[in-house]
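When the letters of the sequence shown are read in order and numbered with the working numbering, they come out as residues 110 to 399. Ideal Cβ placement from N, Cα and C applies to all residues, glycine included.
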Amino acid sequence: MSIGGKRIRPILVLMGNELFDELHPEALAVAQAIELFHNFTLIHDDIMDKAPLRRGKATVHKVYGDSTALLAGDVVLVQAYEQLAKVRHANLQSLLLLFNKTAREVCEGQQMDMDFEQKDVVETEEYTQMIALKTSVLLAGSLQMGAIIGGAGLGNQQHLYEFGKNLGIAFQVQDDYLDVFGDPLKFGKQPGGDIIANKKTFLQIHAMAHATGNDKETLNYWMKQQPEHPAEKITAVTEIFRRTGADAWASSLKEQYYRMALEHLETIAVVSARKCELRNLAEFLMMREH
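If you want it as structure tokens, here you go:
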């Protein structure tokens, strides 16, 4: 927790509250619970992924071992519920039900992601569902929990949830795109990191579905290789992405989900001026180059 992070999820709780009413002190407790839950998932994800670094620092399991990291993650989850227990809001039951539903779905999404590592072919619909569960529902749930505290009706809550869910999917499409086609000086990461790791992404799935002949064989070959010097692999796979139109398709797909998110935001029955900050956030996330 001390090494930072974007804190986007707790901020969304507060923004969801402020969309409908003045900021309620109990929104802060819910925001803290959400951030604690997110960090619980990161500790356990890093164990499953065998990740050595998180936010530029050694991961918990690398420093203390897998068993201690598992227990640490469990305790962080308990701390999340301790924060929720501070809420005296009339809709505490609704908040708990949504929190638990979200937590369960995030775990389901992580399991799907691990299952995909064993599959040669993943369909776009499967991958989108995985992203929705693993990433988007926590963004969406954070907004809706804030809306509950702000006194929003069920219809408005659902539109705000769908705004967050679609924005999360668009964000992941953008992330997959930038990993390959982003400016490395702006993106701040080695280009082609997902290609090196043989990760299933929106680009890889589209290319696998549309490549033919030599391109199909070449893509299948490289997706099973982990060369010591990966530049050749990155170049070859990137060129296949271009020839199959994966880059243009991903840009179009991002815009599709972004538009759906904004449509749900515009449908929410509050004065337009109250939506400005959420519009600005959505635009920032979509226009980013890193």
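Which of helix, strand or coil DSSP assigns to residue i
i	result
K363	helix
R163	strand
F129	coil
K115	coil
G301	coil
N464	A question about residue 464 goes unanswered here, because the residues of the chain that appear run from 110 up to 399.
V379	coil
V230	coil
N209	helix
M110	coil
Q267	helix
Q402	The structure shown does not extend to residue 402, since the chain is modelled only from 110 to 399, so the question has no answer here.
N307	coil
A357	helix
Reference residue i, options the options, closest by Cα
i	options	result
M317	G301, T177, R352	R352
M369	S176, F280, T244, H133	F280
S111	E226, L128, T168	T168
S400	I377, F393, Q283, G302	A question about residue 400 goes unanswered here, because the residues of the chain that appear run from 110 up to 399.
A340	G301, D292, E271	G301
R388	L276, F290, V346	L276
A345	S381, Q365, I304, K363	I304
K274	Q227, V246, G354	V246
Proximal residues to residue i (C-beta, below 6 Å), its chain only, five neighbours per side dropped
i	result
S203	I257
V138	The question names Val, but residue 138 is Ala in the sequence shown. Cβ neighbours of A138 beyond the five flanking positions: Q192, K195, V196.
M332	N307
V231	F225, K309, I314
G259	N126, F129, D130
Element boundaries [alpha helix (DSSP H), containing residue i]
i	result
K342	340-352
S176	175-193
D292	From DSSP, D292 is part of no alpha helix (DSSP H); its letter is neither H nor E.
Q313	311-319
S251	246-258
T327	322-331
T237	233-240
T150	134-158
A391	385-396
Cut-off 7 Å between Cβ atoms - residues of its own chain near residue i, not counting five sequence neighbours on either side
i	result
G182	F149, I152, H153
A189	A142, L145, F146, F149
T237	I278
Q266	Q253, A256, I257
V122	A136, V139, A140, I143, S251, M254, G255
Closer than 7 Å: residue i CB and nearest the ligand FMN heavy atom
i	result
I343	This structure lacks the ligand FMN; in fact it carries no ligand of any kind.
Spatial neighbours of residue i in its chain, beta-carbon cut-off 8 Å, leaving aside the 5 residues before and after
i	result
D356	Y286, V289, F290, L312, F350
I want to know whether the region 196-215 touches the region 234-250 - three or more CB-CB distances under 8 Å. yes
Cβ contact (3+ pairs, closer than 8 Å) linking the region 368-384 and the region 320-334: The region 368-384 vs the region 320-334: no contact.
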